[in-house]
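The opening residue of the sequence shown carries number 416 in this note's numbering; numbering runs sequentially from there. Working notes for the structure below.
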Amino acid sequence: MSQAIQIAERVIAKSNRERPADGVLRTELKSARGISRNDGAAASEAVFAYYRWLGWLNPNAKVSEQIVEAVERDRDFQKKSDEISAPELQRAIPGWVKAEVKYSPEWLRALQLHPKLWLRAKLGTGRALAEKLGECWIGGERFPTDAISYEGREDLFRTAEFYAGEFELQDISSQAVGLVCNPQPNETWWDACAGEGGKALHLCDLMRGKGLLWASDRADWRLKKLKRRAARAKAFNYRAALWDGGAKLPTKTKFDGILVDAPCSGLGTWQRNPQARWTTTLKDVHELSALQEQLVANAIAALKPGGRLIYSVCTLTESETTRVADAIMKRFAELKPLNFLNPLTPDEPAAERLWLWPQTIQGNGMFICGWEKTRV
């Protein structure tokens with residue numbers, strides 16, 4: 416048995432709902448003595464292939480045998496993705512998804528493809544960065560020119576450009592959220608569920624360092640990561656504060672714009688994170704839907720009249736998208752739905768609700784909608 420398969424087997428044995436496979440994999444690779452870069456990459460490929468093709472594997476076979484079969488299936492599919500029929504692709508997801516997602520065979524096929532690695536360059540520097548890094552595909556006319564798909568094998572975290580804060584690793588759908596927000600210089604914005612700050616840093620950049628962005632999260636360790644990332648990106652027009660999502664807000668400031676990029680079930684990331692397909696449940700979806708509505712409802716109190724609130728989730732379930740949006744509209748008569756152009760498909764007509772599908776945008780699935788506060 417190869418070293419890569421042995422590592423993959425250990426990772427799978429230790430992974431579960433509480434211990435995601437990607438984190439376990441990083442730990443195992445760090446502790447593996449004398450492992451080559453190629454073997455490390457092969458181990459990573461094997462772990463993700465196992466979860467990507469789990470629905471096809473014989474559960475009675477040895478895990479090592481399942482891993483080998485998954486790797487073979489994965490390599491064949493990446494070369495000839497059209498050879499699996501639409502009915503057979505149903506194995507790619509758990510059965511409960513049918514009640515929540517109006518999906519297509521194209522979505523299922525996209526889930527089995529390897530995800531693209533997207534970078535977000537500093538505003539207006541995309542082409543120059545792509546030339547420096549090499550092996551890049553630039554968005555061009557269809558996608559924003561500061562969105563770059565990296566196709567090389569270099570460890571980007573070790574590049575001089577990364578240390579200089581010239582780019583962030585950020586999926587194209589997450590970049591679309593910032594573009595939909597469209598914050599202007601000298602405005603005041605709040606990223607209410609900022610996490611480690613990917614979207615917050617994008618908003619700061621779009622504001623050209625002018626005005627003020629508040630970033631909040633319920634976890635202090637995430638805000639500490641944001642602080643380190645912001646220092647590297649030279650983003651200084653922000654303040655960070657803890658917020659547990661309750662009615663007591665982190666500041667008395669009234670905002671021109673609020674982004675609620677809420678915690679969600681993450682179905683939109685299942686191409687990139689295939690293990691989550693088998694650990695996420697319908698109960699999770701329903702519980703998160705209630706939380707999402709609460710977060711938006713509480714955040715509205717901080718919005719100025721005429722201000723905009725953008726709601727986004729990297730999932731595609733009905734409960735976490737349209738049902739949340741409908742519930743907010745029923746509760747708050749002062750909100751008027753906003754119409755948006757999809758920044759990734761600008762030729763399409765504007766819509767109140769944007770659905771970003773992996774098979775269309777070559778990135779994570781995402782739902783975006785928003786409102787304007789028309790009166791106090």
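Heads up, the beta-carbon is just placed ideally off N, CA and C, and yes, glycines get one too.
Shortest alpha-carbon distance to A591 belongs to which of G580, D570, G567, L618?
L618
Measure the Cβ-Cβ separation of S680 and L703 and say whether it is below 8 Å.
yes
How would you label D659, buried or exposed, when you count the other beta carbons within 10 angstroms and need 16 or more for buried?
exposed
Secondary structure, beta strand (DSSP E): runs of 3+ residues fully inside the segment 511 to 552:
532 to 536
Helix, strand or coil for M781 per DSSP?
strand
Identify, in the order they occur along the chain, each residue of the same chain with its Cβ nearer than 7 Å to the Cβ of G610, setting aside the five sequence neighbours on each side.
D632, R637
Do you know how far the Cα of A705 is from the Cα of A645?
31 Å
So which of A662, R738, K639, W468 has the shortest CA-CA distance to A712?
A662
Could you tell me the distance, in whole angstroms, from the CA atom of L548 to the CA atom of F747?
48 Å
Whose CA, out of C551, D676, G580, Y653, lies closest to the CA of M781?
D676
Could you say which of R623, A714, L756 lies nearest to P598 if we only look at CA atoms?
R623
According to DSSP, residues forming a beta bridge with W786
L724, P752
Buried or exposed: which applies to L657, given that a residue is buried once 16 or more other Cβ atoms fall within 10 Å of its Cβ?
exposed
For the segment 747 to 765 and the segment 686 to 694, state whether three or more C-beta atom pairs, one from each stretch, are separated by less than 8 Å.
no
Using CA atoms only, rank isn't needed, just tell me which of S519, L718, L584 is closest to A607.
L718
So, at 8 Å on beta carbons, what are the nonlocal neighbours of Q774 in its own chain, with the 5 sequence-adjacent residues on each side left out?
S519, E521, W522, R524, A525
Do the segment 486 to 501 and the segment 465 to 475 meet, that is, are 3 or more Cβ pairs less than 8 Å apart?
yes
Check whether the Cβ of W522 lies closer than 8 Å to any Cβ atom in chain C.
Included in the structure is just one protein chain, with no chain C present.
Beta-bridge partners of R768, as assigned by DSSP:
C784
By the 10 Å Cβ neighbour count, where 16 or more other Cβ atoms means buried, how is D586 classified, buried or exposed?
buried
Can you check the segment 599 to 661 for any alpha helix (DSSP H) of at least 4 residues that lies completely inside it and give the ranges in chain order?
613 to 621, 635 to 648
With a 10 Å radius around its C-beta and 16 neighbouring C-beta atoms as the bar for buried, classify F670 as buried or exposed.
buried
Starting from A562, follow the beta strand (DSSP E) in both directions and report where the run begins and ends.
562 to 565
Among H529, G455, L724, K477, which residue has its Cα nearest to the Cα of Q777?
H529
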